[in-house]
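Asks: What follows is a structure written as structure tokens; I'll ask about it next.
2 protein chains.
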Amino acid sequence: MARPTISDVARAAGVSKGAVSFALNDRPGVSADTRARVLDVARAMGWTPSAGARALSTSRAHAVGLVLARAPEVLRADSFFPAFIAGLETVLSGRDYALLLQVAERDDEPAYRRLAQQQRVDGVILTDLHVDDDRPRLLAELDLPAVLVGPRLDVPPSPRQVTLGADDGPAVRETVRHLVGLGHRVVAHVAGPADLVHGRSRRAAWEAALAEAGLRPGPVVEADFSAESGARATHHLLDLAPDERPTAIVYANDLMATAALAVAHERGVDVPGQLSVTGYDDTELAAHLRPALTTVRTDVVGWGRAAATRLLQLVDGDTGGGPAPAAPTARLVVRASTGPAPST
Amino acid sequence: MARPTISDVARAAGVSKGAVSFALNDRPGVSADTRARVLDVARAMGWTPSAGARALSTSRAHAVGLVLARAPEVLRADSFFPAFIAGLETVLSGRDYALLLQVAERDDEPAYRRLAQQQRVDGVILTDLHVDDDRPRLLAELDLPAVLVGPRLDVPPSPRQVTLGADDGPAVRETVRHLVGLGHRVVAHVAGPADLVHGRSRRAAWEAALAEAGLRPGPVVEADFSAESGARATHHLLDLAPDERPTAIVYANDLMATAALAVAHERGVDVPGQLSVTGYDDTELAAHLRPALTTVRTDVVGWGRAAATRLLQLVDGDTGGGPAPAAPTARLVVRASTGPAPST
DNA sequence: GTTCGGCACTTAACCGGTTTAGTCAGCCGG
DNA sequence: CCGGCTGACTAAACCGGTTAAGTGCCGAAC
Numbered sequence: 001m002a003r004p005t006i007s008d009v010a011r012a013a014g015v016s017k018g019a020v021s022f023a024l025n026d027r028p029g030v031s032a033d034t035r036a037r038v039l040d041v042a043r044a045m046g047w048t049p050s051a052g053a054r055a056l057s058t059s060r061a062h063a064v065g066l067v068l069a070r071a072p073e074v075l076r077a078d079s080f081f082p083a084f085i086a087g088l089e090t091v092l093s094g095r096d097y098a099l100l101l102q103v104a105e106r107d108d109e110p111a112y113r114r115l116a117q118q119q120r121v122d123g124v125i126l127t128d129l130h131v132d133d134d135r136p137r138l139l140a141e142l143d144l145p146a147v148l149v150g151p152r153l154d155v156p157p158s159p160r161q162v163t164l165g166a167d168d169g170p171a172v173r174e175t176v177r178h179l180v181g182l183g184h185r186v187v188a189h190v191a192g193p194a195d196l197v198h199g200r201s202r203r204a205a206w207e208a209a210l211a212e213a214g215l216r217p218g219p220v221v222e223a224d225f226s227a228e229s230g231a232r233a234t235h236h237l238l239d240l241a242p243d244e245r246p247t248a249i250v251y252a253n254d255l256m257a258t259a260a261l262a263v264a265h266e267r268g269v270d271v272p273g274q275l276s277v278t279g280y281d282d283t284e285l286a287a288h289l290r291p292a293l294t295t296v297r298t299d300v301v302g303w304g305r306a307a308a309t310r311l312l313q314l315v316d317g318d319t320g321g322g323p324a325p326a327a328p329t330a331r332l333v334v335r336a337s338t339g340p341a342p343s344t
Numbered sequence: 001m002a003r004p005t006i007s008d009v010a011r012a013a014g015v016s017k018g019a020v021s022f023a024l025n026d027r028p029g030v031s032a033d034t035r036a037r038v039l040d041v042a043r044a045m046g047w048t049p050s051a052g053a054r055a056l057s058t059s060r061a062h063a064v065g066l067v068l069a070r071a072p073e074v075l076r077a078d079s080f081f082p083a084f085i086a087g088l089e090t091v092l093s094g095r096d097y098a099l100l101l102q103v104a105e106r107d108d109e110p111a112y113r114r115l116a117q118q119q120r121v122d123g124v125i126l127t128d129l130h131v132d133d134d135r136p137r138l139l140a141e142l143d144l145p146a147v148l149v150g151p152r153l154d155v156p157p158s159p160r161q162v163t164l165g166a167d168d169g170p171a172v173r174e175t176v177r178h179l180v181g182l183g184h185r186v187v188a189h190v191a192g193p194a195d196l197v198h199g200r201s202r203r204a205a206w207e208a209a210l211a212e213a214g215l216r217p218g219p220v221v222e223a224d225f226s227a228e229s230g231a232r233a234t235h236h237l238l239d240l241a242p243d244e245r246p247t248a249i250v251y252a253n254d255l256m257a258t259a260a261l262a263v264a265h266e267r268g269v270d271v272p273g274q275l276s277v278t279g280y281d282d283t284e285l286a287a288h289l290r291p292a293l294t295t296v297r298t299d300v301v302g303w304g305r306a307a308a309t310r311l312l313q314l315v316d317g318d319t320g321g322g323p324a325p326a327a328p329t330a331r332l333v334v335r336a337s338t339g340p341a342p343s344t
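And the structure:
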């Protein structure tokens with residue numbers, strides 16, 4: 001028999017549909033041995049619940065959505081999502097939740113509405129938050145629980161939303177202190193786009209750490225996380241007049257830092273002899289470059305786990321107050337691309 | 001009113017539920033002006049279909065699954081999936097299909113069964129096929145349409161399955177011919193795992209191209225696509241006795257080739273003066289390395305589009321016979337990491 | 001000895017759509 | 001003037017679960 005239904009099981013076990021439902025869901029109302037018999041029959045027949053039917057009667061989709069708010073060409077080089085998704089799945093599959101992927105740019109409001117109204121998901125995870133991002137408001141209006149992955153927002157989210165602190169500040173500060181400790185006095189920053197919250201927060205941390213060390217912020221170039229933009233920014237910084245030229249550059253991600261190593265090599269600038277370079281992400285390649293890249297290791301899989309756990313709490317009805325599972329912290333990994341500042 | 005149902009619309013329009021359903025689905029049985037009135041009312045009330053309810057009555061989930069058969073740590077460095085997913089989505093969202101992600105290793109049979117039996121998806125896309133992969137058989141048994149992304153299999157798939165030719169043979173042959181044309185006579189290969197079909201097919205193409213050129217296959221090292229394994233393989237090849245040592249190495253992906261550049265640099269081997277290196281993927285970084293990497297560019301987004309298009313055809317009932325949308329072909333991109341063979 | 005309570009179960013409604021069978025009015029032809 | 005056909009629509013069943021309300025039985029309490 002193809003895909004037995006609960007009625008088939010009921011008939012075979014000689015009880016009613018309702019009794020079978022009670023038995024399968026461990027609810028009171030059936031005796032222990034009836035329950036056992038029903039379970040046996042169900043297993044023997046190979047019964048599995050139909051997600052659609054269950055969703056219809058419980059109005060719970062048993063699925064959550066992950067929204068990728070990037071254009072395809074940007075997604076291409078991304079190392080974040082595969083790992084993040086892996087983390088999500090470890091939690092979701094344990095609870096038998098499905099993960100729905102939706103590629104929708106930030107302003108694609110209809111896509112978000114569809115997601116919510118078709119009742120396909122019970123909650124969503126947002127990443128790549130922008131400054132003044134409208135999506136939290138929209139999701140609140142649609143009454144969809146959401147986990148916002150990124151630094152805490154200025155505007156507190158609605159009750160059924162929660163930010164999951166991927167706070168990259170401490171690690172960036174650690175990076176700057178490391179460089180200052182090596183004697184660097186002009187530490188530049190190649191930033192991510194200023195309208196992305198994590199681009200902005202890394203820049204703020206860099207500036208704060210320099211201030212703590214009593215140093216003025218070095219030059220900043222705003223880039224867009226791409227290798228191309230990293231290379232351009234590097235040329236720009238190395239072209240500065242000697243008194244402004246940095247002896248160390250903090251890049252907002254590994255991709256840009258890696259491109260920078262190539263630029264330095266090409267221009268005959270020795271790393272780390274004449275220039276120290278740091279990245280962010282600790283991509284797999286970072287340890288296998290020459291020189292190996294000093295960077296910040298983040299536990300993206302751990303973020304994924306934390307985000308999923310928190311979202312399921314929200315879906316289960318906890319309000320924002322519950323104890324958030326700690327987002328794992330990022331750590332500086334010192335390798336060969338940083339060294340003592342050149343003596344002037 | 002929260003989420004109006006079809007009954008609400010019916011009441012407001014002054015017709016029956018059934019009539020509304022006919023009108024919304026463009027089926028005969030309602031007059032033109034009734035249809036128009038119903039559509040107006042539905043739009044005005046902000047009605048959207050409930051995916052669950054529709055799935056229940058049509059037994060069509062309107063969703064397809066993508067199975068990621070890799071462990072989280074392997075997924076981490078992957079550049080394939082984000083782009084592939086982007087390609088899938090462009091097609092799926094146009095047809096209002098959802099994309100369900102399932103991380104399930106190859107032998108996780110229960111996960112596949114759940115996917116099918118819960119009726120959550122109408123078809124699946126499989127990647128990373130192994131030699132002797134059991135999953136096509138399993139999916140056939142579960143009667144789930146499937147697109148197998150990878151080179152054609154030895155065993156023809158079942159009627160509701162189709163392979164989408166990500167045939168990397170021609171591009172690898174082009175690569176080898178390029179190297180032979182530059183005078184290389186000992187061309188080595190650092191392969192992907194032999195039990196992955198695309199690892200195996202790249203190796204076969206490398207061997208065939210050398211044979212065509214009248215050359216014996218150079219040394220082969222089997223690696224696993226990781227940077228670490230690429231570095232190890234490179235050391236091994238460079239340690240060979242001079243008469244066996246390759247003057248060119250074809251790597252099965254960019255990640256390993258990139259690690260190789262670092263190894264060569266570290267050992268004082270000039271690329272491309274003493275050693276030519278090629279990759280596969282054309283990752284974003286490839287163009288921004290020193291030397292820039294000669295590699296094979298694949299249109300992963302295009303694959304995604306093709307896979308989704310083909311799968312929807314299968315779901316719609318076409319048998320395998322239909323014309324497959326052509327999988328875009330891969331092309332060699334020559335950059336600076338390949339050059340004339342050193343004169344001995 | 002009746003009444004009450006509770007357990008174990010059944011019946012039936014419900015979720016929100018689709019679909020089949022049926023009703024009714026109007027028009028045609030004979 | 002009546003029977004049959006067609007088109008437009010309604011009523012109700014159905015998909016596969018969950019769940020509120022109802023039934024029958026048994027033992028305990030008064």
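Heads up: the protein sequence lines correspond to chains D and H, in order.
Residues in the first sequence are numbered from 1 upward in steps of one, following full-length UniProt numbering.
Residues in the second sequence are numbered from 1 upward in steps of one, following full-length UniProt numbering.
Virtual Cβ for every residue (Gly too), placed ideally from N, Cα, C.
Source: prediction; values computed, not measured.
Hey, how far is the Cα of G94(D) from the Cα of L314(D)?
Replies: Whole-angstrom Cα-Cα distance: 17 Å.
Asks: DSSP beta-bridge partners for G65(D)?
Replies: DSSP, once it has assigned bridges, lists L100(D) and V124(D) as partnering G65(D).
Asks: Check the Cβ of F81(H) against every Cβ in chain D and list those closer than 7 Å, keeping chain order.
Replies: What F81(H) touches in chain D: P82.
Asks: Please state the DSSP three-state secondary structure of D281(H).
Replies: Correct three-state label for D281(H): strand.
Asks: What in chain H is Cβ-close to H265(D), meaning under 8 Å?
Replies: By Cβ distance, chain H contributes R290.
Asks: Out of R11(D), V131(D) and Y280(D), which has the shortest C-alpha to C-alpha gap to A252(D)?
Replies: That would be Y280(D), whose Cα lies nearest to the Cα of A252(D).
Asks: Is there at least one Cβ from chain H nearer than 9 Å to P49(D)'s Cβ?
Replies: True, the Cβ-Cβ gap to chain H drops below 9 Å.
Asks: Which chain D residues sit within Cβ distance under 8 Å of V67(H)?
Replies: Result: empty, since nearest Cβ-Cβ is about 11 Å, beyond 8 Å.
Asks: I believe V250(H) touches T295(H) by the beta-carbon criterion, under 8 Å. Please report the beta-carbon distance rounded to the nearest angstrom.
Replies: Actually they do not touch by this definition, with Cβ atoms about 10 Å apart.
Asks: For A140(H) and A63(H), what's the separation of their Cα atoms in angstroms?
Replies: Roughly 18 Å separates the two Cα atoms.
Asks: Candidates A213(D), V271(D) and W206(D): which alpha carbon is nearest L238(D)'s?
Replies: When each option's Cα is compared against that of L238(D), the closest is V271(D).
Asks: Give the straight-line distance between the Cα atoms of A116(D) and L138(D), rounded to the nearest whole angstrom.
Replies: Cα to Cα, A116(D) sits roughly 10 Å from L138(D).
Asks: Could you spell out where the beta strand (DSSP E) holding E266(D) opens and where it closes?
Replies: Per DSSP, E266(D) belongs to no beta strand (DSSP E); it is in the alpha helix (DSSP H), D254 to E266.
Asks: Could you check where the alpha helix (DSSP H) with H198(D) kicks off and where it finishes?
Replies: Looking at the DSSP string, the run of the alpha helix (DSSP H) that includes H198(D) is V197 to E212.
Asks: Relative to the C-alpha of G169(H), which candidate in S158(H), P159(H), R152(H) and T163(H) has its C-alpha closest?
Replies: For the residues S158(H), P159(H), R152(H) and T163(H), the minimum Cα distance to G169(H) belongs to R152(H).
Asks: Leaving aside the five residues before and after G302(D) along the sequence, list all residues of the same chain whose C-beta is less than 8 Å from its C-beta, in chain order.
Replies: Correct list, in chain order: G87, A327 and P328.
Asks: Could you compute how far the alpha carbon of G192(H) sits from the alpha carbon of A223(H)?
Replies: Straight-line Cα distance between these residues: approximately 5 Å.
Asks: Round the Cβ separation of A61(H) and G52(D) to the nearest angstrom and send it over; I've been treating them as touching at under 8 Å.
Replies: The pair is a contact, with the Cβ atoms about 7 Å apart (cut-off 8 Å).
Asks: Going by the DSSP bridge assignment, what does G177(D) pair with across the sheet?
Replies: Contrary to the premise, residue 177(D) reads as Arg rather than Gly in this sequence. Answer by DSSP bridge pairing: none, since R177(D) is not bridged.
Asks: Can you pull the DSSP bridge partners for A146(D)?
Replies: Answer is V124(D) and Q161(D), bridged to A146(D).
Asks: Please classify A327(D): does DSSP put it in a helix, a strand, or coil?
Replies: Note: A327(D) maps to coil in three-state DSSP.
Asks: Which one of R177(H), P136(H), L255(H) and W206(H) has the shortest CA to CA distance from Q161(H)?
Replies: Q161(H) has its Cα closest to that of P136(H), out of R177(H), P136(H), L255(H) and W206(H).
Asks: If you draw a straight line from the C-alpha of A194(H) to the C-alpha of E105(H), how long is it?
Replies: If you take the alpha carbons of A194(H) and E105(H), they lie about 17 Å apart.
Asks: Applying the 10 Å Cβ sphere with the 16-neighbour rule, what's the burial state of D89(D)?
Replies: The sequence as given places Glu at residue 89(D); Asp does not occur at that position. Buried.
Asks: Any residues in the segment 271-285 of chain D with a beta carbon nearer than 8 Å to a beta carbon of chain H? Which ones, in chain order?
Replies: Answer in chain order: T283, E284 and L285.
Asks: Could you check how far apart the C-beta atoms of A262(D) and R290(H) are, in whole angstroms? I think they sit under 8 Å.
Replies: The Cβ separation is near 4 Å, so the contact holds.
Asks: Which bits of chain H does T294(D) rub up against, with CB to CB less than 7 Å?
Replies: The premise fails here: T294(D) is roughly 15 Å from chain H at the closest Cβ pair, so nothing lies under 7 Å.
Asks: If you draw a straight line from the C-alpha of V41(H) to the C-alpha of A55(H), how long is it?
Replies: Approximately 24 Å between the Cα atoms of the pair.
Asks: Please report the residue range of the beta strand (DSSP E) in which H189(D) lies.
Replies: Per DSSP, H189(D) belongs to the beta strand (DSSP E) from V187 to A191.
Asks: Indicate, with yes or no, if the ligand COA has a heavy atom lying under 8 Å from the CB of G199(D).
Replies: For the structure depicted, the ligand COA is absent and the ligand set is empty, with no information on it obtainable.
Asks: Since I believe S226(H) is in contact with L255(H) (beta carbons under 8 Å), could you give me their beta-carbon distance rounded to a whole number of angstroms?
Replies: Confirmed, about 7 Å.
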